[in-house]
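Using our numbering, the letters of the sequence shown correspond one by one to residues 1 to 344. The structure under discussion appears below in the form of structure tokens.
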Amino acid sequence: MIYCGGAMRFRAKGSRPFLFSALFLLSGCAIAPVTDDVAHVSASNIARQIRCEARQAVIDALLGYLTSADNNVNKKKLDDYSFAIGNELERAYNENPEAIRAFDPSQVTGFAHTVTKLLYSTGIAYYYDLTGLETNNIDPAANLIRPTPITSLVTLGLTGSFDRQRQNEWSFTITDNFGNLVQKTSGSYCANHLVRTEDYIYPIAGKVGLAKLIKEFTLMSLFENLDELNKDVATVKKGPPSMVQQLQFTTAIGGGASPKIVFAPSGPQLQVTDVSFPVTVSRKDTHQLTVGLYLDKGEAKVLDAARGPIYEGSLITASGGRAEQGAARAVQQFLALKIFKPAL
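Here is the structure:
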């Protein structure tokens, strides 16, 4: 019998017993392949890392805006009072990261209040589809021969197969609100779960680039009449902006070996001439992360009023509800459009 991490015994008539052991280094032989098998990071830890990445991106965006001297040049963009609040907040944050939790958009004035309120009122939904596919194939073969008498040479070829394939798919959705993520989440929650670099071998276990998405969503909401993801562009409704990004990562590893033993035949009996054990193992992980951002409907009205005098036009989007629910619906709409499908 052959099994993962096990051995195979073969006995031929008139021959000595032989023990052939195979160590399958590339195969974990998991019944339900999960991310732990490859990256030693569980799905819950991956979700936590990405939440922490989002939290840090919001903090960086907040401090980046409030402490920008370039922004402060235009007092309508960042007034002196809010600029001073921002610099003091950055100083306190550098001394004690927990200080960021005390900030509230009501502490700043003018356009800075609009920007920070928009940031803190944005909901985010993360939809995960984590699929692992593991394949282990063993195809043993043996050749037998009766070498004498020479006038009636007899040969016999035997083959077999022991192929196994296992696939596991996990899908789940997590929702957050940027304000709560910063104010109600302790820095200790992310102490050992904030990933600052990308993982090009197993991308879902590293930094996935949420900072760019959050920055673009904020800029488009303020200045570019951000629209909802909607295939029916002829239907225009007043409502909050939303944005969805879908990432797909595929990591495949595999290998094989073909051990073979050749025997020197002797005597007239039917006997083994050679035995081979080709082994192939592979693992393919496909991960989709769909992230939706959505501005709370009430705050969208405030935003619309604040930006109207500066930029013509209005927000074009579908109706929505609370920030977290809206972000989840944005993700659902994106998936319904089937922008692309994973191919296994």
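Where is the CB? At the ideal position from N, CA and C, for every residue including glycine. Computed from a predicted structure; not experimentally measured.
### Query
To the nearest angstrom, how far is it from the Cα of residue 284 to the Cα of residue 251?
6 Å
### Task
Give the secondary structure of residue 200 by DSSP, where H, G and I count as helix, E and B as strand, and everything else as coil.
coil
### Query
For residue 253, which beta-bridge partners are listed by DSSP?
283
### Query
So what does DSSP say about residue 34, is it helix, strand or coil?
coil
### Message
Give me, in chain order, the residues of the same chain whose beta-carbon lies closer than 8 Å to that of residue 111; leave out the 5 immediate sequence neighbours on both sides.
### Response
76, 77, 78, 79 and 306
### Message
Quick check: the Cα distance between residue 45 and residue 194, rounded to an integer number of angstroms?
### Response
10 Å
### Task
Please report the Cβ distance between residue 221 and residue 295, rounded to the nearest whole angstrom; I am assuming they are in contact, meaning their Cβ atoms lie under 8 Å.
6 Å
### Task
Taking residue 123 as the reference, give the member of 89, 263, 181 and 132 with the closest Cα.
181
### Query
Can residue 119 and residue 179 be called in contact, C-beta distance under 9 Å?
yes
#### Entry: residue 132 in three-state terms, based on DSSP
strand
### Query
Terminal residues of the continuous alpha helix (DSSP H) containing residue 117?
110-120
### Task
Give me the Cβ distance between residue 43 and residue 170, rounded to the nearest whole Å; I'm assuming they're in contact under 8 Å.
6 Å
### Message
For the pair the segment 207-218 and the segment 264-278, tell me if three or more CB-CB distances fall below 8 Å.
### Response
no
### Query
When you compare only the Cα positions, how much space is there between residue 130 and residue 51?
17 Å
### Task
Spell out the partners DSSP gives residue 127 in its beta bridges.
173 and 290
#### Entry: Residues that DSSP places opposite residue 167 in a beta bridge
133
### Query
Does DSSP classify residue 194 as helix, strand or coil?
coil
### Query
Buried or exposed: residue 102, going by 16 or more other Cβ atoms within 10 Å of its Cβ?
exposed
### Message
Quick check on residue 273: does DSSP put it in helix, strand or coil?
### Response
strand
### Message
Using beta carbons (cut-off 9 Å, strictly below), is residue 211 in contact with chain D?
### Response
No chain D appears in the structure shown, which is made up of a single protein chain.
### Message
Along the chain, where does the alpha helix (DSSP H) containing residue 85 start, and where does it finish?
### Response
80-95
### Task
Give the straight-line distance between the Cα atoms of residue 58 and residue 183, rounded to the nearest whole angstrom.
11 Å
#### Entry: Terminal residues of the beta strand (DSSP E) in which residue 143 lies
141-146
### Task
Use the C-beta contact count for residue 259: other C-beta atoms within 10 angstroms, 16 or more gives buried, fewer gives exposed.
exposed
### Message
Quick check on the DSSP output: the beta strand (DSSP E) that includes residue 157 runs from which residue to which?
### Response
154-159
#### Entry: Three-state secondary structure assigned by DSSP to residue 260
strand
### Task
Kindly indicate which three-state DSSP category residue 266 falls into: helix, strand or coil?
coil
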